[in-house]
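Below is one structure, written out as structure tokens; comments come after it.
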Amino acid sequence: MKKGASHVVTAHSAINDGIHKLDAVTFEVLRSHFDFCCERMSKVLYKTAFSPILSDILDFSNAVYDADIRLLSQSPGCPIHLAAMHFAAQEAVKKYGLDDLRPGDVIVLNDPFAGGTHIPDTTFIMPIYYQDSLLGFAVSRGHWQDLGGGAAGGQSFGTHIAGEGLRIPPVKLFEKGIL
Numbered sequence: 001m002k003k004g005a006s007h008v009v010t011a012h013s014a015i016n017d018g019i020h021k022l023d024a025v026t027f028e029v030l031r032s033h034f035d036f037c038c039e040r041m042s043k044v045l046y047k048t049a050f051s052p053i054l055s056d057i058l059d060f061s062n063a064v065y066d067a068d069i070r071l072l073s074q075s076p077g078c079p080i081h082l083a084a085m086h087f088a089a090q091e092a093v094k095k096y097g098l099d100d101l102r103p104g105d106v107i108v109l110n111d112p113f114a115g116g117t118h119i120p121d122t123t124f125i126m127p128i129y130y131q132d133s134l135l136g137f138a139v140s141r142g143h144w145q146d147l148g149g150g151a152a153g154g155q156s157f158g159t160h161i162a163g164e165g166l167r168i169p170p171v172k173l174f175e176k177g178i179l
């Protein structure tokens, strides 16, 4: 990724720039913290979900990536989600660029051609900032029960993607925290 107007900190640069060399203990503390963040993301999603697909079946996943969209941690979740979520984050950054992302932005998408898996799996991408530095991205993906397809739940018999429901390309749902 190119550096934008804000300073971009990546895991690679933070470890290898000669100033921020991490010893094994510091690295483990950070790794443990990233794991905790993903666990908390999952717990909040589980406790606030209105859909039984999320609260009972646990059809959701969460991950934290660095500013170059390299995986730092992920929650136990659906393997198909976890394997594809970074593609969604890449597509979101490709569409908006690092220069157009700000604290409080949230990008939503479900488009299988933009890093989604299938229409009901909806992804939310939020940049993580500290002061003016982009540190990474929090990404959450969960199965929405109905997005207007031929059958609720995402198992329609459509022969074209339009029959599966509303296809959402990467779109800013929140900009600087405003809906």
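Mapping of the sequence shown onto UniProt numbering: position 107 corresponds to residue 107, and the numbering continues sequentially without gaps. By construction, the Cβ of each residue, glycine as well, lies at the ideal position given by its N, Cα and C atoms. Model, not experiment: these values are computed from the prediction.
For Ser75, the closest alpha carbon among the candidates Gly150, Leu173, Glu175 and Arg40 is that of Arg40. Taking 8 Å as the cut-off, the beta carbon of His81 is found closer than this to the beta carbon of Ser61.
Around Ala138, the same chain offers Met41, Val64, Met126 and Ile128 as residues with beta carbons nearer than 7 Å, after the five sequence neighbours per side are excluded. Residue pairing from DSSP places Lys172 in a beta bridge opposite Ile107. Burial check for Ser133: the Cβ neighbour count within 10 Å stays below 16, so the residue is exposed. The alpha-carbon separation between Asp23 and Arg31 amounts to approximately 12 Å. For Arg40, the secondary structure class from DSSP, reduced to helix, strand or coil, is helix. For Ile128, the uninterrupted beta strand (DSSP E) segment begins and ends at Asp121 to Tyr130. With contacts defined as CB atoms closer than 8 Å, Leu147 and Pro120 qualify as a contacting pair. Looking at the backbone, the Cα of Gly136 and that of Ile69 are separated by about 7 Å. Assignment of beta-bridge partners to Ala138 by DSSP yields Val64 and Met126. Nearest C-alpha to Ile53 among Gln145, Gly150 and Val171: Gln145.
Here the alpha carbon of Thr117 sits roughly 11 Å from the alpha carbon of Cys78.
The DSSP-derived three-state label of Leu45 is helix.
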